[in-house]
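In the UniProt record's numbering, the protein residues as written are 1 to 738.
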């Protein structure tokens with residue numbers, strides 16, 4: 001019945017291990033489950049494999065499912081474990097979830113459930129470290145000289161306890177990597193109040209966990225009011241973009257310090273370097289994005305707004321003015337060679353090159369190029385400012401192979417090289433003359449640069465900087481190229497006037513297809529308003545087109561590296577700007593790796609194993625059995641954490657024993673058994689297909705820029721001033737079955 005609805009579709013299905021805990025955080029049992037994530041329902045089932053004998057005598061094996069529960073997807077919440085009450089400042093884990101959400105109940109002496117028990121152990125260790133500090137101070141006040149009671153022994157105790165804290169943090173990190181705890185809606189109680197129950201599942205790899213959570217967040221986002229009716233689709237013999245692939249609106253927001261209506265958005269550049277709001281660590285599989293530089297202009301000056309996308313949540317972190325209008329930008333990464341050299345800290349020549357950092361170059365109307373530092377923690381730091389030949393207005397910028405290409409209003413391209421200190425030479429190494437009309441668009445295509453000048457495209461070698469070829473993009477006189485976007489072996493070209501896009505083959509330069517984007521726009525909007533292209537982007541099987549009406553059109557194109565012809569009539573977004581869409585930019589995510597932080601924090605001689613080996617908790621350590629937790633203690637000394645000693649050990653040996661009773665700091669089954677189960681190759685449903693399938697936690701955001709935001713399917717009201725300020729709309733592209 002759940003699957004029979006025509007509007008319902010399957011997003012993914014996963015095999016997981018469900019774990020059930022008692023009040024002490026110990027595993028009672030584990031069960032093999034299969035989770036079905038539909039676009040609006042989450043289902044949990046048990047797999048029953050049954051064999052049947054056919055008339056031919058052959059045995060066939062089929063799968064039947066016993067449904068355990070199904071809940072509305074919008075009411076599914078993922079609980080992330082954080083710190084408990086009283087957590088000290090020494091703990092490296094920031095509060096992520098309030099303590100009351102991880103405690104089973106409020107009765108005294110009750111322990112935490114699952115990973116919460118590990119946090120409880122960590123609190124004990126931090127408490128004991130504080131006590132040891134007090135003991136050390138008392139020892140320093142002793143009048144006598146004792147061989148087994150001195151500052152050196154106290155230092156050994158403290159060092160050993162610090163190592164135990166690092167190991168416990170490692171256990172917490174490993175436990176959280178594969179564990180998903182869900183808060184799910186239950187039946188109402190007798191008084192009619194809603195109730196909730198908890199389910200804990202373990203995935204087989206951290207990447208699967210992150211991918212599953214990402215898909216859950218995307219599916220819940222699709223159920224939000226803004227996305228229930230987000231796109232106007234044209235019926236086209238079923239050859240249209242599937243609903244599960246529609247871009248989803250995450251947020252729309254102004255991008256300036258004060259709501260100044262005179263500033264109009266002009267251009268943007270995305271920096272994929274991670275922007276971290278603090279120095280705290282988080283899950284190494286967490287998905288993070290970089291930050292976006294946005295240029296807005298008045299008639300005389302420009303303004304830069306820097307937007308971060310921490311956890312896909314956009315936030316303006318910096319805003320400052322510049323002396324001229326900004327017409328274009330380009331992001332320039334740190335040179336790879338310099339990254340390798342930076343690993344050698346004693347290299348004076350490398351340290352002297354302070355300008356070798358990620359940068360953003362701004363092309364100005366006044367005929368200048370400004371270079372700003374663009375990396376973690378940097379504010380308004382301008383590294384360079386120089387003028388182009390004849391102070392010609394900079395219309396376009398791109399970067400390739402250590403060269404900066406600037407398309408100028410006079411039809412020239414200025415090519416700049418870097419000096420020995422890493423700064424740009426202010427005089428161009430070469431000027432390439434293309435024509436007399438502005439060079440409005442530059443596109444990197446492998447080892448060439450495609451430059452649009454008027455209605456012609458010139459193909460320039462990035463090695464020799466000479467023109468290798470050129471062709472006319474349109475036969476009509478007066479057609480000026482405004483935008484180019486590469487897709488596979490094709491390049492889509494837009495013009496300053498008209499609503500037609502043209503597709504050309506990158507190798508043969510043959511004209512392949514024309515698409516009129518006015519058709520889908522006029523199918524949705526009344527009247528025959530003039531439509532022109534103001535921005536262009538190819539992203540994950542979609543050709544996204546921004547228009548002068550503030551409307552975004554999405555057309556399907558093949559994702560394979562073939563000829564990217566449009567295969568359907570596309571769709572139009574109900575979310576639009578109040579002015580032309582000035583830019584469309586992708587913001588891809590990367591997975592954070594924190595191995596360096598952990599390695600740097602460890603004492604000498606305690607280098608951890610590789611991250612891949614840390615995914616599974618060490619089960620060879622003693623103390624994993626519950627039978628001897630009452631009389632085990634931890635040895636603090638040279639062999640810290642490796643020997644479980646009886647509580648009757650003599651303290652005269654120069655080390656200290658600590659007994660925590662049932663809260664022993666050694667492994668209990670909650671820590672290790674589940675990971676042994678996950679490593680078991682005989683689990684019935686863990687097929688070879690699943691083992692070989694690589695899951696990547698990834699996400700793609702698309703940002704559009706214009707003035708304000710409006711809904712086309714709602715009655716238009718008188719526009720307020722804040723609806724006309726420079727704004728962005730942030731979209732998320734569903735990436736299914738990555």
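No residue lacks a Cβ here, since even glycine has one placed at the ideal position from N, Cα and C.
Secondary structure remark: continuous alpha helix (DSSP H) runs of at least 4 residues inside the segment 478 to 539, in chain order: 518 to 524.
Excluding residues up to 5 positions away in sequence, 415 and 465 lie with their Cβ nearer than 6 Å to the Cβ of residue 430 in the same chain.
For residue 177, the enclosing alpha helix (DSSP H) has its first and last residue at 151 to 178. With respect to residue 49, residue 726 sits apart: the two C-beta atoms are not nearer than 7 Å. Leaving aside the five residues that flank residue 444 on each side, the residues in its chain whose CB is nearer than 7 Å to its CB run, in chain order, 398 and 400. Contact check for residue 405 against residue 434 fails: the beta carbons are separated by 7 Å or more.
CA-to-CA, the gap between residue 243 and residue 706 works out to about 26 Å. Two segments are said to touch when three or more pairs of C-beta atoms, one from each, lie closer than 8 Å; by this definition the segment 506 to 518 touches the segment 563 to 570.
Rounded to whole angstroms, the gap between the alpha carbons of residue 155 and residue 136 is 8 Å. Using a Cβ-Cβ distance cut-off of 8 Å, the segment 146 to 153 and the segment 173 to 184 are not in contact, since fewer than three pairs of beta carbons, one from each stretch, lie closer than that value. Between the beta-carbon of residue 729 and that of residue 232 there is about 16 Å, and that puts the pair past the 8 Å contact cut. Judged by DSSP in its simplified three-state form, residue 395 adopts strand.
The bridge partners DSSP lists for residue 705 are 583 and 728. Judged by beta-carbon spacing, residue 219 lies beyond the 7 Å limit of residue 35, meaning their Cβ atoms are not closer than that value.
Straight through space, the alpha carbons of residue 17 and residue 208 are spaced by roughly 13 Å. Ranking 172, 158, 138 and 160 by CA distance to the CA of residue 119 puts 172 first. Assignment of residue 130 by DSSP, reduced to helix, strand and coil, places it in the helix class. Every beta strand (DSSP E) of 3 residues or more that sits fully in the segment 404 to 442 is shown, in chain order, as 412 to 416 and 430 to 433. When the Cα atoms are used, residue 542 and residue 251 turn out to be separated by approximately 20 Å. Counting every other CB atom within 10 Å of its CB across the protein chains shown gives residue 421 a total below 16, marking it as exposed. In the structure shown, residue 551 adopts coil according to DSSP, grouped into three states.
Here residue 331 is buried, its C-beta having at least 16 other C-beta atoms within 10 Å. Residue 576 and residue 32 have their C-alpha atoms spaced approximately 46 Å apart. Following the DSSP letters along the chain, one finds residue 221 inside the alpha helix (DSSP H) bounded by residues 206 to 222. In chain order, 294, 305, 307, 316, 726, 727 and 728 place their CB closer than 7 Å to the CB of residue 255, counting only its own chain and leaving out the 5 sequence neighbours on each side. Going by C-alpha positions, residue 394 is about 21 Å away from residue 358. The continuous alpha helix (DSSP H) containing residue 225 extends over residues 225 to 228. DSSP places residue 77 in the strand class (E or B) of the three-state scheme.
The criterion of a C-beta distance shorter than 7 Å is satisfied by residue 227 and residue 248. Contact annotation, residue 581 with residue 527: C-beta distance approximately 19 Å; criterion of less than 8 Å not satisfied. Apart from sequence neighbours up to five positions away, the residues of its chain that approach residue 700 with a beta-carbon distance below 8 Å are 539, 540, 586, 587, 588, 589, 732, 733 and 735, ordered along the chain. In the structure shown, residue 389 falls within a helical segment according to DSSP collapsed to helix, strand and coil. Counting only residues of its own chain and dropping the five nearest sequence neighbours on each side, residue 712 has a CB closer than 6 Å to the CB of 574 and 576. Ranking 504, 396 and 314 by CA distance to the CA of residue 291 puts 314 first. Residue 714 counts as exposed, since fewer than 16 other beta carbons sit within 10 angstroms of its beta carbon. Comparing alpha-carbon positions, the option among 298, 536 and 132 lying closest to residue 491 turns out to be 536.
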